[in-house]
Structure formats: C-alpha cells, structure tokens
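S.K.: Dropping a structure here in structure tokens format, bear with me for questions.
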Amino acid sequence: MTEISERYDALATEFTRRVEAVAPDGWDAPSPCAGWSARDVLRHVIESHTAMPGYAGLSVALAGSVEDDPRAAWAEARDAMRKLLGDPALASREYEGHFGRTSLQATVDRFLGFDLLVHAWDIARATGQDETLPAAEVARVRADALALGDSLRMEGVCGPEVPVPDGASEQDRLLALLGRTP
Numbered sequence: 001m002t003e004i005s006e007r008y009d010a011l012a013t014e015f016t017r018r019v020e021a022v023a024p025d026g027w028d029a030p031s032p033c034a035g036w037s038a039r040d041v042l043r044h045v046i047e048s049h050t051a052m053p054g055y056a057g058l059s060v061a062l063a064g065s066v067e068d069d070p071r072a073a074w075a076e077a078r079d080a081m082r083k084l085l086g087d088p089a090l091a092s093r094e095y096e097g098h099f100g101r102t103s104l105q106a107t108v109d110r111f112l113g114f115d116l117l118v119h120a121w122d123i124a125r126a127t128g129q130d131e132t133l134p135a136a137e138v139a140r141v142r143a144d145a146l147a148l149g150d151s152l153r154m155e156g157v158c159g160p161e162v163p164v165p166d167g168a169s170e171q172d173r174l175l176a177l178l179g180r181t182p
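The sequence shown begins at 1 in this note's numbering and counts up by one.
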C-alpha cells in the first residue's frame, strides 16, 4: 500500500464505522448540510467515489443503491476505490484538473479524504453518534481547506465560515471553517 492508499483506507474505515452505526430509520434524519438528510450525505460521498475516476478516464459502475441498501452501496463504492488505489498504473493516471495537472490518487487524497472526514462528522451529527474525528486528519484537512482559498466558498462546496470561541478545538475550528456549527 502507498501512503495515499493507507490514508484513504483509514478514513474510509472511520466513515464506514459511522455508516454501519446508522439505524435503518436514521437515514432520513436531517444532516448539518442544509436540505440534506444523512442519506443525501452518503449519496454525495458515493457519487464522488464514482465520478472522480472519470476525471482520469476510468469508470466505476455500482450495482447497489443508497435508496435500497445504504450500507451495501457505500461498501461497494469504497471497495471500488480501494481497488483503483491498489493498482499503481490506475492510481497514478494523470489528468488536467481544476487546479492543474494531477493524478487520480492525488485527487482522492485531497478531495475524497476531505469528504470522508467531514461527512463522517455530518452523518455522526445527524444520527446521534460520536462526532470525534482523527486529530491528525483534522489538521491535514484544515490545511488543505485553507489552501483552497476562495474555491472553498464556490457554490455547493462550503457555506460561510461560522464563528467559534477562542480556545476552540482544532476539530471545531475545521468544522466552523467549513460552514458547520460544531
């Protein structure tokens, strides 16, 4: 495994823990993302997992549906990404991205890592789970988010930053930066 695939695996494991803990009737609970349920958050993460390989000329087709079986749909998307990242030729495939030339694995690391971490919190908050995120990843994702500059506030990315008190935890500062009320 590469450093990127190991990081993806760790974040996917954290995300999976949240997904597997959602009660069958919990998927329609409102999430911190305005207008989205926990199911909508999961759908977004799955759609990102299937769309991202397309940027590098690859495709991922899933048989499962988040409507029918959210856990199985997530497991299928996660396993498809693990398979791509496990193949060096596919993982390193390059393409011209929004921020210039990049590779599938670099995009997964930066953007899916971001999504997995933050949306794990969204699902946890929506469904009454432990909201604690891995501290090292919180710091890394916060640095990546700050590096995005104005792109972070593009339509559909993140809302306006939410104020937090002095002395707020790193996790709360990240969530506030991303427009969430910790």
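Glycine is no exception: its CB is placed at the ideal position from the N, C-alpha and C atoms. Just so it is clear, the structure is predicted and the values come from calculations on it, not from any experiment.
So for S37, helix, strand or coil by DSSP?
M.R.: Three-state result, S37: strand.
S.K.: To which residues of the same chain is A29 closer than 7 Å at the C-beta, ignoring the five residues directly before and after it?
M.R.: Closer than 7 Å at Cβ, skipping near neighbours: S37, A38, A126 and T127.
S.K.: Which residue's Cα is closest to the Cα of T107: A120, R93 and W74?
M.R.: T107 has its Cα closest to that of R93, out of A120, R93 and W74.
S.K.: Taking the C-alpha atoms as reference points, what is the distance between L175 and D115?
M.R.: Each residue's Cα considered, the two are about 12 Å apart.
S.K.: Are the segment 63 to 77 and the segment 13 to 20 touching, with three or more C-beta to C-beta distances below 8 Å?
M.R.: Touching, yes, given that three or more Cβ pairs across the two stretches are closer than 8 Å.
S.K.: Of the choices R142, D25 and Q171, whose alpha-carbon is the least far from that of L133?
M.R.: Here the closest residue by C-alpha is Q171.
S.K.: By a C-beta neighbour count over all protein chains shown, 10 Å radius and 16 as the cutoff for buried, is H49 buried or exposed?
M.R.: Answer is buried; the Cβ neighbour count reaches 16.
S.K.: Just verifying my parser: in three-state terms, what is the DSSP assignment at E6?
M.R.: Note: E6 maps to helix in three-state DSSP.
S.K.: From I4 to L104, what does the alpha carbon distance come to, in whole angstroms?
M.R.: The straight-line gap from Cα to Cα measures roughly 11 Å.
S.K.: Label L146 either buried or exposed according to how many other C-beta atoms from any shown protein chain fall within 10 Å of its C-beta, with 16 as the threshold for buried.
M.R.: L146 is exposed by the Cβ-count criterion.
S.K.: Among all the DSSP beta bridges, which residues are the ones paired with R184?
M.R.: The question about residue 184 has no answer, for the chain in this structure spans 1 to 182.
S.K.: Taking the continuous alpha helix (DSSP H) assigned at G113, which residues delimit it?
M.R.: First-last of the alpha helix (DSSP H) with G113: G113 to T127.
S.K.: Which residue wins for smallest C-alpha separation from G64, given the options L85, Y95 and E47?
M.R.: Checked all of L85, Y95 and E47; the closest Cα to G64 is E47.
S.K.: Taking a contact to mean a Cβ-Cβ separation below 8 Å, would you say L90 touches L58 in this structure?
M.R.: Yes. Within cutoff.
S.K.: May I ask you to report which of helix, strand or coil DSSP gives P53?
M.R.: If DSSP states are grouped into helix, strand and coil, P53 belongs with the helices.
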